[in-house]
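Structure first, commentary second.
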Amino acid sequence: MSVPAFSIEMKLAEMGAASQGNNPREVVVAIGPAFGKTMNKTIVKVDHSAVLREVISGIEEQGAIPRVIRSLRTADLAFMAHEAAKLSGSGIGIGLQSRGTTVIHQRDLDPLSNLELFPQSPLITLDTYRAIGRNAALYALGESPNPVPVANDQMARPKYQAIAAILYLKECQLLSPDAKPVELKAEFIIKE
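Going by this note's numbering, the first residue of the sequence shown is number 22, and it counts up by one from there.
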């Protein structure tokens, strides 16, 4: 896993209810209720600031426009990503749970279908998060990219299953079933 030689501070400012986008180059990234709030690291202790920065950088590298929202009524990855895709001007969204599990979704797919799923969060590197952003941008721009290569470790599930369940429960403590997603302004400050 590539680790930055600097630290990144992240500020997530709430900008009101998330609205329907109309920019066909837009990719909406839905983060979990606890992401960067009461939880600040993935299941393998990667800072959320670095994760979100890499996803956004990948989107921008391809000429797409990132927009970040916070899901408040669900912490389920598929439904977060599907909600993001439905709000996206391009119809492409990314779901990102606090533990690091990620998915690229498309608005006209069923919630439990997706374009690309990254279920083994302990194996996702910062380079992979950036590649996820790039691929989401390419889908938004009408291209059909090759799927992001993923590592697979049959022992990851038994090794991390209990902690993943605890992190999901922690995420769910911030749910507000009637709340609409919130638009966020993400700001990153690099400290060397």
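Beta carbons are placed, not taken as given, at the ideal position from N, Cα and C, and that holds for glycine.
query: Of the residues K206, F209, E208, P202, the one placed nearest A105, counting alpha carbons only; result: P202
query: Supposed contact pair G121 and V49 - C-beta distance, whole angstroms, cut 8 Å; result: Not really, about 19 Å apart at Cβ, beyond 8 Å.
query: Candidates A38, A157, A51, R74: closest to G84 by CA position; result: A157
query: Inter-stretch contact (C-beta, 8 Å, three-pair minimum) for the segment 59 to 73 and the segment 27 to 39; result: yes
query: Segment contact flag, the segment 84 to 102 with the segment 115 to 135, C-beta cutoff 8 Å, min 3 pairs; result: yes
query: Distance CB(M36)-CB(E204) smaller than 8 Å; result: yes
query: Sequence-distant residues of the same chain with beta carbon closer than 7 Å to L136, five excluded per side; result: I125, H126, Q127, Y160
query: Residue range of the beta strand (DSSP E) that includes S78; result: Unbroken run through S78 is the alpha helix (DSSP H), 69 to 82; no beta strand (DSSP E).
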